[in-house]
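Please read the structure below before turning to the comments.
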Amino acid sequence: MDCGALIAGSAVNSIFRCPACNGLYDVIYPWSSLPDGDAPAAASNAPNGTALRYLWQERRASTLAEDQSGVWRFRELLPFIEAPEKVVTLREGNTPLYELPRCAELVGINWLLAKHQGMNPTGSFKDTGMTAALSVAREKGFEWVACASTGNTSAAMAAYAARAGMHSIVLIPEGKIAWGKLSQSMDYGAMTFQLRTDFDGCVRVLTELVTRFPIYLLNSVNPYRLEGQKTPAFELLEQLEWQVPEHIIVPGGNLANGSALAKGLFEMQQLGLIHRLPKISIIQAEGANPLYRSITENGGRELVPVEAHTRATAIRIGNPASWKKALRALNATGGWCEQVSEQEIALAKAEIGAEGIGCEPASAVTLAGLKKLVAQGKVGKEERTVLILTGHTLKDSEYTIQYHRGELFTGAESAQIPASDRERHDALRKPPTVLDADTDVVFRELESRMKLVRPA
Ligand code: F0G
């Protein structure tokens, strides 16, 4: 994507970087072009958008695995696997689109939806990309796959490798990933290494490993991951009956997801399935904000890596690989990059939980970021907005429990919470109460609490 060289898919090297310029690869098809590229010379070889709409819809009634997958159902736009029955699938995708009426009201907009990618088979959005890239790995004859991860990629990779009968190697930062995610990679039989470093250090080690051994790299520098991760955009538009929302808001970590969704939207526009693009905005945690800083400090010309710190461990990334792709997505769609504090993330997570939906901390940055975009006048009251919730609430139950027990923040951090938010926190916190197993005791406790919530 930097020097513009075009190569065949079969010529890609093991680290998925151009030997001439070290840039990342984009997958392009004869009929497609990229947001900053020239329009395709002739769209005559492009699939027929209207016919695809009906075909994709029809497949919903099929019992074939590749049709039941919310990724491979759109396989005309993923034409890199020889035969559909060869894909490795856990019936990923097909995730719900929920209304968030209470969150909409408190943010001050009329129409807010959440596309919950945490409802995928391994509990995160990574499954949509993993089914694509792991299917390529198997087709190429690899026996070993590997990734560096903050936890969700590794959970997804371990599961899909197990389904395919392949071996997987996980590199994760020691002590900085949520238990749910760590347990998944063990449960699915991966070889797990906890390195005494952060995510960026794990990436460094892995990049060297794959040049020494025939291991297929499954980090999001692998462009087939992004091909799978573009499909939730198709699914979302289908769920909205092809009415384009004004805004899509995603969390930003290694910065692949926003760009993958943008690619999906761009392709739909090229095929005439939609006629304008929603604005994609990316939200980072304040302590892991290299893209935000790059944009505010030097207009996105260069990215200076940061040492990342956030309790939203999924996005604890200081040197994101796909920052240029993310920037391209922001520029092509007209969206923004924002940053949010730890306290704002916790509040937003509790608010999404209180809708009966829930998500992991990294996903909650979307709602926290939306509040800022509304306050800045960038998202209007009438504009339809979709949050992409990337991970399931059970991924990081320790965070949730600490929050509700009031143990998440230090005294100094709690003191920084503005008074208006403090009231919200107090209303949302539901710590468990330990009582004797005596009906009278429970009744008295219940009575005193019910008085609190009864209208005066
Ligand atoms: N949300 C969750 C739950 C994640 O796990 C990640 C990334 C992101 C958001 C950010 O997405 O990297 O495409 O910008 N997790 C990776 C992992 C890095 O290893 O699981 P991104």
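Counting from -18, one number per residue, gives the positions in the sequence shown under our numbering.
For every residue, glycine included, the Cβ atom is placed at its ideal position computed from N, Cα and C.
Just so we're clear, the structure is a prediction, and the values are computed from it rather than from any experiment.
Status (buried if at least 16 other CB within 10 Å, exposed otherwise) for residue i
i: tyrosine 273; result: buried
i: glutamate 222; result: exposed
i: isoleucine 382; result: exposed
i: valine 126; result: buried
i: alanine 23; result: At alanine 23 the pLDDT is 49, less than 50, meaning the model places this residue with poor confidence and gives no usable figure here.
i: aspartate -17; result: exposed
i: aspartate 48; result: buried
i: glutamine 38; result: exposed
i: threonine 291; result: buried
i: tryptophan 160; result: exposed
i: lysine 362; result: exposed
i: leucine 45; result: exposed
i: valine 191; result: buried
i: leucine 427; result: exposed
i: threonine 451; result: Nothing about residue 451 can be read from this structure; the chain reaches only from -18 to 437.
i: tyrosine 197; result: buried
i: arginine 365; result: buried
i: glutamate 341; result: buried
i: serine 429; result: exposed
i: glycine 316; result: buried
i: aspartate 108; result: buried
i: arginine 450; result: The structure shown has nothing for residue 450, since the chain only spans -18 to 437.
i: methionine 431; result: exposed
i: glutamine 98; result: buried
Residue i beta carbon near the ligand ADP (any heavy atom closer than 7 Å)
i: serine 344; result: With respect to the ligand ADP, the structure shown offers nothing to examine, as its ligands consist of the ligand F0G.
CB contact flag (residue i, residue j, <8 Å)
i: glycine 51; j: glutamate 73; result: yes
i: arginine 297; j: alanine 310; result: no
i: glutamate 323; j: leucine 409; result: no
i: arginine 40; j: alanine 335; result: no
i: alanine 396; j: alanine 313; result: no
i: histidine 148; j: alanine 139; result: no
i: phenylalanine 106; j: asparagine 200; result: no
i: leucine 59; j: lysine 306; result: no
i: glycine 281; j: leucine 308; result: yes
i: lysine 162; j: alanine 136; result: yes
i: valine 346; j: isoleucine 90; result: no
i: glycine 372; j: alanine 329; result: no
i: isoleucine 150; j: methionine 167; result: no
i: leucine 78; j: leucine 217; result: yes
i: glutamate 124; j: isoleucine 62; result: no
i: histidine 228; j: valine 367; result: yes
i: serine 164; j: serine 240; result: no
In chain order, which continuous runs of the beta strand (DSSP E) of length 3 or greater are located wholly inside the stretch 106 to 180? 125 to 129, 148 to 154 and 172 to 176
Report the residue ranges of all alpha helix (DSSP H) runs contained in full by the stretch 188 to 265; include only those spanning at least 4 residues, in chain order. 204 to 210, 212 to 220 and 238 to 251
Segments assigned alpha helix (DSSP H), at least 4 residues, entirely inside the stretch 39 to 95: 46 to 49 and 82 to 88
Just checking, does the stretch 111 to 120 make contact with the stretch 250 to 257 on the three C-beta pairs under 8 Å criterion? no
Is the stretch 267 to 284 touching the stretch 312 to 323 in the sense that three or more CB pairs, one from each, lie closer than 8 Å? yes
Entirely enclosed beta strand (DSSP E) segments - the stretch 253 to 332, minimum 3 residues: 260 to 266 and 318 to 321
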